[in-house]
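In our numbering, the protein residues as written are 136 to 278. Just so you know, even glycine gets a beta-carbon here, dropped at the ideal spot from N, CA and C. Before any comments, here is the structure.
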Amino acid sequence: MTATTPPEEPGTTADASDHGGPAQPPSLRSALPGADQAAVWERVVPGAGDRVLQLVEKDFERETEKHRQWCLDRAHERRMDLANLALRATGMVVGSGGVAGYLWVAKYFVDHGAAIPAAGMLGGGVAALAAAFLGNSKRNPRA
């Protein structure tokens, strides 16, 4: 599973104390110049203000898309976890039904005087189901 905290909201920055991880670089929005500095840039390079705003808008859209994708990924992981739970529960029900079936057939054999075939059938069947369960649990480790 992935982390349960979303990426930074668009327009904010994080430091190492927020999430225990490395600090993220400041966004373009936090590095915007003041009005006087922007006026100087506009005088030196005409159109600089528009270019800076376009960069900031692209950065905001990228961060928003990253957050949206993170939310979609979390929803997908929840659906996959639910499907995994349903399949595991179904497997347990089917396996328990198999054991109950072996017990029922073995009781039928014993009631009709065939105890030795009942013991072989019951022992072999339960051993086969146990091997299937143990083999499956090794292939699918729990998260």
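Any idea if SER253 is buried or exposed, counting beta-carbon neighbours within 10 angstroms, 16 or more meaning buried? Counting from one through the sequence shown, the residue named residue 253 turns up at place 118. It is Ala, not Ser, that sits at residue 253 in the sequence shown. Classification for ALA253: buried.
Just the Cα atoms here: how many angstroms apart are ASP208 and TRP239? Residue numbering aside, residue 208 sits at position 73 when the sequence shown is read from its first letter. Residue numbering aside, residue 239 sits at position 104 when the sequence shown is read from its first letter. Going by the C-alpha atoms only, they are around 46 Å apart.
Beta-carbon proximity list for LEU257, same chain, < 6 Å, skipping 5 on both sides: Residue numbering aside, residue 257 sits at position 122 when the sequence shown is read from its first letter. Counting only Cβ-Cβ distances below 6 Å, and skipping sequence neighbours, we find TYR237 and ALA241.
Closer than 8 Å is the cut-off here; do at least three beta carbon pairs connect the stretch 258-271 with the stretch 220-239? yes
C-alpha gap between ALA218 and ALA170, whole angstroms: Position 83 of the sequence shown holds residue 218. Position 35 of the sequence shown holds residue 170. Going by the C-alpha atoms only, they are around 54 Å apart.
Inter-residue CB distance, GLU177 and GLY184 (contact presumed, cutoff 8 Å): Reading the sequence shown from its first residue, position 42 is the one you call residue 177. Reading the sequence shown from its first residue, position 49 is the one you call residue 184. Going by Cβ atoms, the distance from GLU177 to GLY184 rounds to 5 Å, so yes, they are a contact pair.
In whole angstroms, give me the CA-to-CA distance for GLY248 and VAL234. Position 113 of the sequence shown holds residue 248. Position 99 of the sequence shown holds residue 234. In a straight line, the C-alpha of GLY248 is about 21 Å away from that of VAL234.
Going by DSSP in three states, VAL229 sits in which element: helix, strand or coil? Along the sequence shown, read from residue 1 onward, the residue named residue 229 stands at position 94. Of the three classes helix, strand and coil, the one that applies to VAL229 here is helix, per DSSP.
Looking at the structure shown, is PRO252 part of a helix, part of a strand, or coil, going by DSSP? Within the sequence shown, the letter at position 117 stands for residue 252. Correct three-state label for PRO252: helix.
Run of the alpha helix (DSSP H) containing VAL175, from where it starts to where it stops: As a first step, residue 175 is located in the sequence shown; it is residue number 40 there, counting from the start. First-last of the alpha helix (DSSP H) with VAL175: 170-179.
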